[in-house]
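**Student:** I am attaching a structure below and will ask some questions about it afterwards.
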Amino acid sequence: MRRILLAILLLMFSTIILTGLPPEKEERRTTLYRVGLLSSSDFRLSKFEGLKEGLKNFGMYEGENIEFIVNNAKGIKDDLVNQAQSLVESEVQVIVTTGRVETEAAKQVTRGSSIPVLFMGLTALKHDGLVKNLLTPSEGLTGIQNDHAALTAKRLELLTKLLPGTKRVLLIYDPRVVPTSESLQAAFEAARKIDIDLQSAPASTLEDIRKIFQSDHKDIDAALLLPSFFLESRGANLIASLAMEKKLPVMGVEESDTAQLFAYYGVPLFEQGKQAARILVKIIRGQKVEDIPVEPPTNLKLTVNLDVAKKLGTNVNKEILGFAEVIFPEAGDRDEK
Amino acid sequence: MTGMKNKETIPWWHSIKNRLLIFGIVMSIIPMTVFGYFYAKTLRNNLQQNIYYDIEITTQRLAADLESLIGGQIKQVFSVANVGGRKLLTKEQSYQEGLLYNLLQEAPYLEEISLVGADGQELARASRRLVVNSNGRSVSSTEAFQNLAKNNLLWSETFLDKYGQVRLKRIIPIHGLDKGEFTGGLILEISLREIIDQLTKRQPEFQGRLFVVDSDGKLIGHQDFSQVLKKTDVRFSLPVKRFTEVQGRNTKVVTVADKYISYDGKEVLGDFSIVNNLGWAVVQEVPVSQAFAPVNQIIKQLLVAGGVLIFFVTALSIFFGINFNKSFRRLEHFVEQIRYGNLKYTIQIEGKDELSKLGETLDNMREELLTRRQQEEALRQAEKLSSLGLMAAGVAHEINNPLAIMSAYAEDLQERIEEEEIKDLVTSGELSDYLEVIVKQTTRCKGITSNLLDYSRQSGSEKAKLNLKQVVESTLMLVEYRLKKERVLVDINIPQELPPLSGNVDEVQQVLLNIVTNALDSLEPSGQLIICARLNQDNVELEIEDNGSGIKPENMKHIFDPFFTTKEPGKGTGLGLSICYNIMQRMGGYLELNSNFGEGTKIKLMFPYDKEGSYGYKNTGC
Numbered sequence: 007m008r009r010i011l012l013a014i015l016l017l018m019f020s021t022i023i024l025t026g027l028p029p030e031k032e033e034r035r036t037t038l039y040r041v042g043l044l045s046s047s048d049f050r051l052s053k054f055e056g057l058k059e060g061l062k063n064f065g066m067y068e069g070e071n072i073e074f075i076v077n078n079a080k081g082i083k084d085d086l087v088n089q090a091q092s093l094v095e096s097e098v099q100v101i102v103t104t105g106r107v108e109t110e111a112a113k114q115v116t117r118g119s120s121i122p123v124l125f126m127g128l129t130a131l132k133h134d135g136l137v138k139n140l141l142t143p144s145e146g147l148t149g150i151q152n153d154h155a156a157l158t159a160k161r162l163e164l165l166t167k168l169l170p171g172t173k174r175v176l177l178i179y180d181p182r183v184v185p186t187s188e189s190l191q192a193a194f195e196a197a198r199k200i201d202i203d204l205q206s207a208p209a210s211t212l213e214d215i216r217k218i219f220q221s222d223h224k225d226i227d228a229a230l231l232l233p234s235f236f237l238e239s240r241g242a243n244l245i246a247s248l249a250m251e252k253k254l255p256v257m258g259v260e261e262s263d264t265a266q267l268f269a270y271y272g273v274p275l276f277e278q279g280k281q282a283a284r285i286l287v288k289i290i291r292g293q294k295v296e297d298i299p300v301e302p303p304t305n306l307k308l309t310v311n312l313d314v315a316k317k318l319g320t321n322v323n324k325e326i327l328g329f330a331e332v333i334f335p336e337a338g339d340r341d342e343k
Numbered sequence: 019m020t021g022m023k024n025k026e027t028i029p030w031w032h033s034i035k036n037r038l039l040i041f042g043i044v045m046s047i048i049p050m051t052v053f054g055y056f057y058a059k060t061l062r063n064n065l066q067q068n069i070y071y072d073i074e075i076t077t078q079r080l081a082a083d084l085e086s087l088i089g090g091q092i093k094q095v096f097s098v099a100n101v102g103g104r105k106l107l108t109k110e111q112s113y114q115e116g117l118l119y120n121l122l123q124e125a126p127y128l129e130e131i132s133l134v135g136a137d138g139q140e141l142a143r144a145s146r147r148l149v150v151n152s153n154g155r156s157v158s159s160t161e162a163f164q165n166l167a168k169n170n171l172l173w174s175e176t177f178l179d180k181y182g183q184v185r186l187k188r189i190i191p192i193h194g195l196d197k198g199e200f201t202g203g204l205i206l207e208i209s210l211r212e213i214i215d216q217l218t219k220r221q222p223e224f225q226g227r228l229f230v231v232d233s234d235g236k237l238i239g240h241q242d243f244s245q246v247l248k249k250t251d252v253r254f255s256l257p258v259k260r261f262t263e264v265q266g267r268n269t270k271v272v273t274v275a276d277k278y279i280s281y282d283g284k285e286v287l288g289d290f291s292i293v294n295n296l297g298w299a300v301v302q303e304v305p306v307s308q309a310f311a312p313v314n315q316i317i318k319q320l321l322v323a324g325g326v327l328i329f330f331v332t333a334l335s336i337f338f339g340i341n342f343n344k345s346f347r348r349l350e351h352f353v354e355q356i357r358y359g360n361l362k363y364t365i366q367i368e369g370k371d372e373l374s375k376l377g378e379t380l381d382n383m384r385e386e387l388l389t390r391r392q393q394e395e396a397l398r399q400a401e402k403l404s405s406l407g408l409m410a411a412g413v414a415h416e417i418n419n420p421l422a423i424m425s426a427y428a429e430d431l432q433e434r435i436e437e438e439e440i441k442d443l444v445t446s447g448e449l450s451d452y453l454e455v456i457v458k459q460t461t462r463c464k465g466i467t468s469n470l471l472d473y474s475r476q477s478g479s480e481k482a483k484l485n486l487k488q489v490v491e492s493t494l495m496l497v498e499y500r501l502k503k504e505r506v507l508v509d510i511n512i513p514q515e516l517p518p519l520s521g522n523v524d525e526v527q528q529v530l531l532n533i534v535t536n537a538l539d540s541l542e543p544s545g546q547l548i549i550c551a552r553l554n555q556d557n558v559e560l561e562i563e564d565n566g567s568g569i570k571p572e573n574m575k576h577i578f579d580p581f582f583t584t585k586e587p588g589k590g591t592g593l594g595l596s597i598c599y600n601i602m603q604r605m606g607g608y609l610e611l612n613s614n615f616g617e618g619t620k621i622k623l624m625f626p627y628d629k630e631g632s633y634g635y636k637n638t639g640c
């Protein structure tokens, strides 16, 4: 009897104490969110790194309360739809895309489903109706703009300011890219404003690029690339090497680790991803996509590669360099010496 | 007079088991609830005070940080204007542009900066997004330049540019050698969004949300930039209302955090703090659900712990209640057994508590009762034997008559056999007649002795169903000689339809014999004895009435006292009525005695009977 009583009392107090203890690491026991990431190439994966960094500000850590399924088309554009479909079949809560081609593929496979699409850096959204209303996007997709099309004009101006005496600039563009017409228009308007002779050349294949550089462009002082999946991925290396051969300074859109151009101006890929983190948190916490406006970009950055400039033999305006993040600044110093 | 009460069911609220259970539950719930309530309330109040304090402090800090962040953006520009401003105005445009771009790089939230001359002509401009016409433009008619000319150095109102960025402008003049001389200035635009983003990085998400309003209460910055893009109206928020109310008052504003419903319908704790020199307010709001999450967690745990405690207390109460009740039931059963006369039933309750002590005491009491019962039995037997002695002469006379008859018939038969042929006596049937008379008288003798033996036997405690009429008749047989001798007129009216009684036949007979003997002792020759019975609601009533001498009033109070007698020595023991009283009481019945001295005595015996199965008995008799 006494033993039974003692056992009951012990059980009672231990249960009360156990039930009274605070749960350990409650935050860790929250739902594990599953997010799909679609990228056309390794080049754009910097955005993914930025996204993960940004998510940390919201207490979300990969493997703890969020997991990513990363599908990378490795430069094969035609494979993007399959990769996107694979993410849908993996029952991800949201598909995060790194550019326009990825967004179009994701939009295609999520049509009719409840999976939203979050893009990390697109331009000229209204141009082809990808997103009709930036404040209340009703197409099941929202995200971050990078204003690359609109920034084409500023890119042209900065190129001419970096290279004093520049009079003629060649625009290389991919005619398949939707916002190209907007970029071209912005560039020609800017050229008129700053008194630059602008020429344009389309390039959809590597052969096109070779032809452009084989043509007689003796009077061209510099070249400017328009935003394009092809030009920044498969075409970038060829452009960089041919430009070096022709001693032609080229300004690109987004800095690349492999293809080294003279200069870039735009929102860094990492920053685009970081900025998208807050929107991703909103989506996975259940906020409707139409209640999340498309956000304009922040953190524009001018990058100048002085090593390339040196190899090209060009004189860079040092007054403007103060505005730039300089790569290989020692190249410029040596040149000065 | 005593009577037997039926066993009643105890209402559940009177049950000790249920009371113990209820007590256990109530005494666990009430203290837990009271303690939990006050603990949670105190905790909640303290937490709320702490949160209020935190909000007030952090809001003030964030307002100061915002002012500092914005001030930091123009610090470098001020230096340029004050130190090299006049020289800059005279430099080449490319140099001016380069310097302005350098300033953009130094101050990451500067969107655009332009250098203007005293005439309002733009000399150079650096912009992060816009292409600048190298020919310059005139800004003399712009509000910014007008403010510059008037030396009005306040920040402009905020505005949204075509890229969705919230911006504001500020003019920084470049003075000539003469302090009052105006030689030109720098017009700068900053992007508020990135400054707010920078500010919110200092504000972890768990500390709630942060937003900034201008002097009209219009939202110009928000931790969630979407709210700015959507132009969310935050003026419904209490701090914004308070801020707009105190605008323009030249008094120091002391803000106090409060609880309210915010612009999005959520209940929040929040406060505002004014941003000096800008006329804005930083508002911080923490949703109540988020703020009180720790308290709610504690309340949840208290509820769970309380539930577990109540469960165990209830279980313990049931356990003890059942054990307690088991002992009580055993005691109750024991007492019932004693009440029904089963004095050999013993009880033993385990443990060393009060109940086991009570059981022990009751068992001792039982033993004493048993001893007393045995003593009573012995006394009753003695009294019975005494009455038998008194009856002996009458019985002898009663037996003498049949013996005399048998003797006479036997002698006559003997003579006839000697004188006549036995064959003829057999043939005529006379021999048979003689023998029949002898057998009949023998049977009569046997009946008398058998009755006497029955009465003299020591009675046990066995109970049986009794027929009252038969018991009365067999008792009267014992005193038949006296009845005849004293020519007592006996009137018996006991209906055959009475229900059977439950009791010991010897004891009932002893009661009846005592009463009838007393009646005969008090009767004069040719007196009257009336015995009748009737069925009442609760008992069977047997009335024995005589018209004898009755009992003197002064003797009435001693009539049931043991050894009290008014008879001559050797005629009675004085125990008769006392034994009758005890027997009736033990049977669950009672005895009533009414006597009028000189007129007679009436005794009523009330016998209990089993009501179940007694349907159909008629109430006839006296």
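Heads up: the sequence lines are chains A and B, in that order. Count the first sequence with the working numbering and you get residues 7 to 343, in order. Count the second sequence with the working numbering and you get residues 19 to 640, in order. Yeah, the Cβ is synthetic: ideal placement off N, Cα and C, and Gly gets one too. Just so we're clear, the structure is a prediction, and the values are computed from it rather than from any experiment.
(1) From Val310/A to Val246/B, what does the alpha carbon distance come to, in whole angstroms?
(2) Look at the alpha carbon of Lys317/A and the alpha carbon of Phe268/A, and state the distance between them as a whole number of angstroms.
(3) Is Met250/A near Arg161/A, with beta carbons less than 7 Å apart?
(4) Using a beta-carbon distance below 7 Å, is Arg347/B in contact with chain A?
(5) Would you verify that the beta carbon of Val184/B is, or is not, closer than 7 Å to some beta carbon of chain A?
(6) According to the Cβ coordinates, are Phe276/A and Lys252/A closer than 7 Å?
(7) Are there three or more Cβ pairs, one per stretch, closer than 8 Å when the region 188-201 of chain B is compared with the region 99-116 of chain B?
(8) At the level of alpha carbons, what is the spacing between Arg505/B and Tyr363/B?
(9) Which of the residues in the region 115-146 of chain B, read from start to end, lie with their CB under 7 Å from any CB of chain A?
(10) Rounded C-beta distance between Ser596/B and Asp579/B? I'm assuming under 8 Å.
(11) What residues in its chain sit with their C-beta under 8 Å from that of Asn323/A, if we drop five residues either side in the sequence?
(12) Looking at the structure shown, is Asn77/A part of a helix, part of a strand, or coil, going by DSSP?
(13) From the DSSP output, read off the bridge partner residues of Arg188/B.
(14) Please decide whether Tyr10/B counts as near chain A, where near means a Cβ-Cβ distance under 7 Å.
(15) Go ahead and label Gly288/A buried or exposed: buried means 16 or more other beta carbons lie within 10 angstroms of its beta carbon, across all protein chains shown.
(16) If we define contact as Cβ-Cβ less than 7 Å, is Lys138/A a contact residue for chain B?
(17) Any idea what DSSP makes of Tyr648/B, helix, strand or coil?
(18) On the DSSP bridge list, what partners appear for Val457/B?
(19) Report the residue from Ala330/A, Leu232/A, Asn71/A, Arg40/A whose alpha carbon sits nearest the alpha carbon of Leu177/A.
(20) When you compare the CB of Leu86/A with every CB in chain B, is at least one pair closer than 7 Å?
(21) So, for Glu2/A: in the same chain, excluding its five sequence neighbours on each side, which residues have a beta-carbon less than 7 Å away from its beta-carbon?
(22) Report the residue ranges of all beta strand (DSSP E) runs contained in full by the region 272-345 of chain B; include only those spanning at least 3 residues, in chain order.
(23) List, in chain order, every chain B residue whose beta-carbon is nearer than 8 Å to that of Glu163/A.
(24) Quick one: give me the first and last residue of the alpha helix (DSSP H) that Tyr358/B is part of.
(25) Would you mind stating whether Ile621/B and Ile562/B have Cβ atoms separated by less than 7 Å?
(26) Assign Ile48/B to buried or exposed, taking buried as 16 or more other Cβ atoms, counted over all protein chains shown, within 10 Å of its Cβ.
(27) Going along chain B, which residues have a C-beta under 7 Å from Lys53/A?
(28) Using beta-carbon positions only, say whether Ile298/A and Ile285/A come within less than 7 Å of one another.
(29) Does the CB of Pro302/A have a neighbour CB from chain B at under 7 Å?
(30) Which chain A residues sit within Cβ distance under 7 Å of Phe243/B?
(31) Could you give the first and the last residue of the continuous alpha helix (DSSP H) run that contains Phe219/A?
(32) From the beta carbon of Glu212/B, is the nearest beta carbon of chain A less than 7 Å away?
(33) Whose C-alpha, out of Asp227/A, Val314/A, Glu301/A, Met66/A, is nearest the C-alpha of Tyr270/A?
(34) Closest Cβ-Cβ distance between Tyr473/B and chain A: below 7 Å?
(35) Using beta-carbon positions only, say whether Gln151/A and Pro274/A come within less than 7 Å of one another.
(36) Hey, which unbroken runs of the beta strand (DSSP E) at 3 residues or more fall wholly within the region 542-584 of chain B?
**Tutor:** So, from the data block:
(1) In the first sequence, the residue the question calls residue 310/A occupies position 304. In the second sequence, the residue the question calls residue 246/B occupies position 228. Rounded to whole angstroms, Val310/A to Val246/B spans 34 Å at the Cα level.
(2) For the purposes of this step, residue 317/A is identified with residue 311 of the first sequence, where counting begins at 1. For the purposes of this step, residue 268/A is identified with residue 262 of the first sequence, where counting begins at 1. Rounded to whole angstroms, Lys317/A to Phe268/A spans 10 Å at the Cα level.
(3) As a first step, residue 250/A must be located in the first sequence, where it is residue number 244. As a first step, residue 161/A must be located in the first sequence, where it is residue number 155. For Met250/A and Arg161/A, no; Cβs fall outside 7 Å.
(4) On the second sequence, residue 347/B is found 329 positions in, with the first residue counted as 1. No, because no Cβ of chain A sits closer than 7 Å to the Cβ of Arg347/B.
(5) Counting from 1 along the second sequence, the entry for residue 184/B is found at position 166. Val184/B does not count as touching chain A.
(6) Looking up residue 276/A in the first sequence gives position 270. Looking up residue 252/A in the first sequence gives position 246. Their beta carbons are not under 7 Å apart, which means Phe276/A does not touch Lys252/A by this criterion.
(7) yes
(8) Locating residue 505/B in the second sequence gives position 487, counting from the first residue. Locating residue 363/B in the second sequence gives position 345, counting from the first residue. When rounded, the distance between both Cα atoms is 49 Å.
(9) Glu115, Gly116, Tyr119, Asn120, Leu122, Gln123, Arg146
(10) Taking the first residue of the second sequence as position 1, residue 596/B is located at position 578. Taking the first residue of the second sequence as position 1, residue 579/B is located at position 561. Ser596/B to Asp579/B, Cβ: 7 Å. Contact.
(11) Here residue 323/A refers to the residue found at position 317 of the first sequence. Closer than 8 Å at the Cβ level, and outside the excluded window around Asn323/A, lie Lys167, Leu168, Leu169, Pro170.
(12) Taking the first sequence and counting its residues from 1, one reaches residue 77/A at position 71. Of the three classes helix, strand and coil, the one that applies to Asn77/A here is strand, per DSSP.
(13) Residue numbering aside, residue 188/B sits at position 170 when the second sequence is read from its first letter. Note: Arg188/B sits in a beta bridge opposite Leu206/B.
(14) With chain B covering only 19 through 640, there is no way to say anything about residue 10/B.
(15) Here residue 288/A refers to the residue found at position 282 of the first sequence. Reading off the sequence shown, one finds Lys at residue 288/A, where the question assumed Gly. It is buried - the Cβ of Lys288/A has at least 16 other Cβ atoms within 10 Å.
(16) Your numbering for residue 138/A matches position 132 in the first sequence. Not closer than 7 Å to any Cβ of chain B, the Cβ of Lys138/A fails to qualify, so no.
(17) For chain B, the structure presents residues 19 to 640; residue 648/B sits outside this window and is missing.
(18) The residue you call residue 457/B lines up with position 439 of the second sequence. Beta bridge pairing from DSSP links Val457/B with no other residue.
(19) As a working mapping, residue 177/A is identified with position 171 in the first sequence. Taking only the C-alpha atoms, the option nearest Leu177/A is Leu232/A.
(20) Within the first sequence, numbered from 1, the residue matching residue 86/A stands at position 80. Output row for Leu86/A: interface = no.
(21) This structure gives no information on residue 2/A, because the portion of chain A shown stretches from 7 to 343.
(22) 276-279, 285-293, 298-305
(23) Numbered from 1 along the first sequence, position 157 holds the residue referred to as residue 163/A. Ordered by position in chain B, the residues that pass the 8 Å Cβ test against Glu163/A are Val149, Val150.
(24) Position 340 of the second sequence, counted from the first residue, corresponds to residue 358/B. Unbroken run through Tyr358/B: none, as it is neither H nor E.
(25) Residue numbering aside, residue 621/B sits at position 603 when the second sequence is read from its first letter. Residue numbering aside, residue 562/B sits at position 544 when the second sequence is read from its first letter. The answer is yes: Cβ separation under 7 Å.
(26) On the second sequence, position 30 is the one that residue 48/B refers to. Under this definition Ile48/B is an exposed residue.
(27) By one-based count along the first sequence, residue 53/A stands at place 47. Going along chain B, no residue has its Cβ under 7 Å from Lys53/A, so there is no contact; the nearest lies around 18 Å.
(28) The residue you call residue 298/A lines up with position 292 of the first sequence. The residue you call residue 285/A lines up with position 279 of the first sequence. Yes, these two residues count as a Cβ contact at 7 Å.
(29) Walking along the first sequence from the start, residue 302/A turns up at place 296. At least one chain B Cβ lies under 7 Å of Pro302/A.
(30) Start at 1 with the first residue of the second sequence, and residue 243/B comes out as number 225. Those are Glu301, listed as they occur along chain A.
(31) The residue you call residue 219/A lines up with position 213 of the first sequence. For Phe219/A, the uninterrupted alpha helix (DSSP H) run begins and ends at 212-220, by DSSP.
(32) Position 194 of the second sequence, counted from the start, is the residue given in the question as residue 212/B. By this cut-off, Glu212/B is an interface position.
(33) Here the question's residue 270/A lines up with position 264 in the first sequence. The shortest C-alpha separation from Tyr270/A is found at Val314/A.
(34) What you label residue 473/B is simply residue 455 of the second sequence in a count that begins at 1. Not an interface residue.
(35) For the purposes of this step, residue 151/A is identified with residue 145 of the first sequence, where counting begins at 1. For the purposes of this step, residue 274/A is identified with residue 268 of the first sequence, where counting begins at 1. Cβ distance not < 7 Å, so Gln151/A and Pro274/A don't count as in contact.
(36) 546-553, 557-564
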